[in-house]
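J.: First residue of the sequence shown: 6, per the numbering used here; consecutive thereafter.
Don't be surprised by glycine CBs; every beta carbon is placed ideally from N, CA and C.
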Amino acid sequence: MKSTLNHLVKGIIAANGDIPSTPIKNIQLHSGKVKPGDLYIAVHGTTADGHDYIPEALENGASAIITNGRDVGSLPVPQVKVSNPRKAASYVAAEYYGHPSRDLHIIGITGTNGKTSTATIITSILNEAGCKTAQLGTLGVIAKDHDQGKTLTTMDAISLQKLLRELADDDFSHVVMEVSSHAIHQYRVADVEFDTTVFTNLTPEHLDYHGTMEDYYHAKAKLFKSLPLSATAIINTDDEYGQRLINESTAPVIKVSETNNSDVHFKHVHSSLSGIAGTISAGEHHIDFDSQLIGDFNKENILSAVGAALAMGIPIGTIADGINACRVVTGRMESITAPNGAPIVVDYAHTPDAYEKVLNTIYHLVPENGRLITVFGCGGNRDAANRPIMGRLVEQYSDYFYITPDNPRYEKQDDIVEEIITGLSTDHYEVFADRGDALEKALNELQGKDVLVVLGKGRETYQEIEGVRQPYSDIAIIEEFCAH
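Pasting the structure below:
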């Protein structure tokens, strides 16, 4: 695709008469990727400032530069000064790719927990409705004939707009995407025009980035404060922040709740290790379903997905078929049966709220005379205050547990373990320096009536240590054990 500089910045510069019509072949945030004729946008990141790399961008052939007005000296190419280059990148990318979200029905899902599961249920419903649908998020890009290697919850603004253009050109009609608070705060989705948005819940996470729960909430709420009247917001009113958000959404709201007579709620529901079944009440309609999804928290995700489907006008029968057809989300309450019949549950949970939901659900489903055994760890350089809380929750619900590494990153594993242990009051645990060793021991000691819960990594295929992602997989170890 090609464009010109004055066209790309017309919406972010008050008067663009002095902006030349310099041809632009592509747009880049990384100086090393710049090729002759590209526009380079200098963004101040967390570890580096793009303005320091302007010489490299020029050397690589940049035809124009967008900066924050910082003195970068005289440049041999046009320089456009803006107050926020990161925000400008979103607008410029949308302009360059022809605002592709206008050619798609975009469903955005935000919240601390439940984004991936809710997205997967919605995608299943849309597939049953015959809609060509792409799903974007922590599982990658799930779309026929498209690269699935991207794993950030939300990619940068340029990559996202490029992907949306490819999907629109390939006749996709719907895109279901997880939207992180980082992405909202960093303007990565500022120029994505959402048709349906979903708020799942808000619990302490990413406070190392946002600082306070109030700031975290405002980051999430931004997604709902600029919606057009033609859009619809699906909000979980069981969450206290969801109750606030109802009054702040600029679009009509569909309220979902497990505990009161909201727009979408359960008439009756039953949960077991086999799945969730029941009837959902939505106005005059009733939806009977029998889902393979496990865990009480998936009740909330099912309701949110139903709200989104109703907002899109999908028939009741198709909604039920989509819920029933939805397979367990990989790495989310994923159940594998050991050779002796004991269930092994693998879950990506990595926050206190997610721990509470997973462990509380499993605790009430453990057979009589069986034990709940847990393997877990806490990530390095992330929300250290959560570590003793998560340790306390594991201790509360488990008969025995193993403390292991879970992406220690640049922290010492011993320091992480010490913080976890401050939340404990018993000695019903062992500490392992190698997660694989702990998991193998737990598997070998598993009795027929026990349930083993493996928390934190889901289907991750690495252990991040000192900046290096070393190959590791809980699932691979479990599958190898079950094969013998």
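1. Here's the rule I'm using: 16 or more other beta-carbon atoms within 10 Å means buried, otherwise exposed. How should T431 be labelled?
2. Could you check the C-alpha separation between V371 and E305 for me, to the nearest Å?
3. Taking a contact to mean a Cβ-Cβ separation below 9 Å, would you say F199 touches T138 in this structure?
4. Let me know the secondary structure DSSP gives A134 once reduced to three states.
5. According to the Cβ coordinates, are L34 and A69 closer than 9 Å?
6. Have a look at G55 and A47 and give me their C-alpha separation to the nearest angstrom.
7. Identify, in the order they occur along the chain, each residue of the same chain with its Cβ nearer than 6 Å to the Cβ of T379, setting aside the five sequence neighbours on each side.
8. So the alpha helix (DSSP H) Q418 belongs to, where does it begin and stop?
9. Nearest to L63 by alpha carbon, out of G312, R397, V39, T427?
10. What first and last residue would you give for the alpha helix (DSSP H) that runs through Y246?
11. If V85 and I24 are in contact, beta carbons under 8 Å, what's the gap, nearest whole angstrom?
12. So A67 is in the alpha helix (DSSP H); what residue range does that whole segment cover?
13. How would you label D420, buried or exposed, when you count the other beta carbons within 10 angstroms and need 16 or more for buried?
14. Counting only runs that start and end within the segment 218 to 283, where is the alpha helix (DSSP H) found for 4 or more residues in a row?
15. Looking at the structure shown, is K30 part of a helix, part of a strand, or coil, going by DSSP?
16. Cutting at 7 Å between CB atoms, please list the residues of its own chain near E471, excluding the five before and the five after it.
17. Identify whether Y407 lies in helix, strand or coil by the three-state DSSP scheme.
18. Only counting the same chain, and skipping five residues up and downstream in sequence, which positions put a Cβ closer than 8 Å to that of L234?
19. Quick one: grab the DSSP three-state call for L308.
20. In three-state terms, what does DSSP make of H35?
21. By alpha-carbon positions, which one of R376, Y353, Y434, T201 ends up nearest to H110?
22. Decide yes or no for the touch test of the segment 360 to 375 against the segment 123 to 140: beta carbon pairs closer than 8 Å, at least 3 of them.
23. What number of angstroms, rounded off, separates the C-alpha of S95 from the C-alpha of Q166?
24. Among residues of its own chain, excluding the 5 on either side of V181, which ones have a beta-carbon nearer than 6 Å to its beta-carbon?
25. Is the distance from the Cβ of S8 to the Cβ of Y101 below 9 Å?
26. Looking only at C-alpha atoms, which of T335, I307, P81 sits nearest to D326?
27. Is the beta carbon of L250 closer than 9 Å to that of A287?
28. Alpha carbon to alpha carbon, how far is H489 from L448?
29. Leaving out five residues before and five after S26 in sequence, what residues of the same chain have Cβ atoms less than 6 Å from its Cβ?
30. Specify the secondary structure class of P372 as computed by DSSP and reduced to three states.
31. Under 9 Å, do L207 and Y221 count as touching if we go by C-beta distance?
32. In angstroms with no decimal places, state the Cα-to-Cα distance between I32 and E289.
33. Helix, strand or coil: which one does DSSP assign to I292?
34. Specify the secondary structure class of E198 as computed by DSSP and reduced to three states.
T.: In terms of the structure at hand:
1. exposed
2. 22 Å
3. no
4. coil
5. no
6. 4 Å
7. V399, S403, F406, V458
8. 418 to 426
9. V39
10. 245 to 251
11. 7 Å
12. From DSSP, A67 is part of no alpha helix (DSSP H); its letter is neither H nor E.
13. exposed
14. 218 to 226, 245 to 251
15. coil
16. Y415
17. strand
18. T255, A256, P257
19. helix
20. coil
21. T201
22. no
23. 8 Å
24. I112, A124, I127, T128, Q140
25. yes
26. I307
27. no
28. 12 Å
29. T9, N11
30. coil
31. yes
32. 50 Å
33. strand
34. coil
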